[in-house]
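Structure record follows, encoded as structure tokens.
Pasting the structure below:
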């Protein structure tokens, strides 16, 4: 099959044979040859777009199987680029795979955010943390932008959780040494004032996710937003009341 893909005079025959070669190697679990065939296909044939996308999807999955994350991320990025080039003409499957790929990169950004510790002086480290927050929020907003419901609710939950995490980080940050009891008390108040807007933003975003239940969306991420609301402000949000609202909406 690879011979036909290389030597046949008809370019369409060569194209079809190369893609089929990738499938055949996959069927016999020859990962190395399957990767080679699908990589050659993706790098050679931009049309038809649907098969280009599927070749990229195969490469994503194959590199994941052999734990080659750098190569996998290359093809994740190419799926995103392909969907972005297609714009409004992107198929539902293309949007789904792009959202799925972008969610991986957003997860990478979240891990980078989590690695930024709030240390003294707080002002400087908080600037670094909020910069990481902005980058990560942008990555998850791009996920939502593809309009795929299951990834939109996941992304919205993650953005809300980012703000909640930043609020917790501020409250848990190291206190400067050498403060008197009064100075420490005043510093604690300042930390609470810094953390409060982040917590309020988290609550607002979780509420948006929870309200999706009113239109019948009650997936894992909506449920997790319900749980987060109860944790963030148990006096204001009661899980049973929220879930009753959902049940009343759909019955």
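Residue numbers (this note's numbering): 116 to 366. Don't be surprised by glycine CBs; every beta carbon is placed ideally from N, CA and C. Being a predicted model, the structure only gives us computed values, none of them experimental.
Under three-state DSSP, which class holds residue i?
i           : result
residue 352 : coil
residue 134 : helix
residue 182 : coil
residue 205 : coil
residue 261 : coil
residue 347 : helix
residue 340 : helix
residue 290 : coil
residue 143 : coil
residue 312 : helix
residue 295 : coil
residue 253 : helix
residue 285 : helix
residue 332 : coil
residue 163 : coil
residue 125 : coil
residue 364 : Summary for residue 364: the model assigns pLDDT 49, below 50, so the residue's position carries little reliability; its value from the coordinates is reported in the next sentence. Residue state, collapsed to three classes: helix.
Taking 6 Å as the cut-off, is the beta-carbon of residue i closer than that to any non-hydrogen atom of the ligand COA?
i           : result
residue 276 : Only the bare structure without any ligand can be found here, which leaves the ligand COA out of the picture.
Does the beta-carbon of residue i have 16 or more other beta-carbons within 10 angstroms, so that it is buried, or is it exposed?
i           : result
residue 336 : buried
residue 230 : exposed
residue 128 : exposed
residue 137 : buried
residue 92  : Lying outside 116 to 366, the shown extent of the chain, residue 92 is not represented and no answer is given.
residue 175 : buried
residue 132 : buried
residue 324 : buried
residue 297 : exposed
residue 295 : exposed
residue 274 : buried
residue 234 : exposed
residue 310 : buried
residue 271 : buried
residue 167 : buried
residue 362 : Bear in mind that the predicted position of residue 362 carries a pLDDT of just 48, short of 50, making it unreliable; the figure below should be weighed with that in mind. Looking at its Cβ environment, which holds fewer than 16 other Cβ atoms inside 10 Å, residue 362 is exposed.
residue 150 : buried
residue 239 : exposed
residue 330 : exposed
residue 152 : buried
residue 187 : buried
Inter-stretch contact (C-beta, 8 Å, three-pair minimum) for the region 341 to 349 and the region 312 to 329: yes
* Asked: Curious, which full-length alpha helix (DSSP H) runs of at least 4 residues does the region 191 to 241 contain?
  -> 207 to 230
Practice problem: Tell me, please, whether the region 208 to 218 touches the region 257 to 275 by the rule of three or more beta-carbon pairs shorter than 8 Å. | Solution: yes
| request: Kindly confirm or deny that the region 302 to 311 and the region 276 to 290 touch, where touching means at least three C-beta pairs closer than 8 Å. | output: yes
Under 8 Å: do the region 196 to 205 and the region 237 to 253 share three or more Cβ pairs, one atom per stretch? no
Exercise for review: Take every Cβ of the region 141 to 148, pair it with every Cβ of the region 158 to 171, and state whether three or more of those distances are shorter than 8 Å.
Suggested key: no
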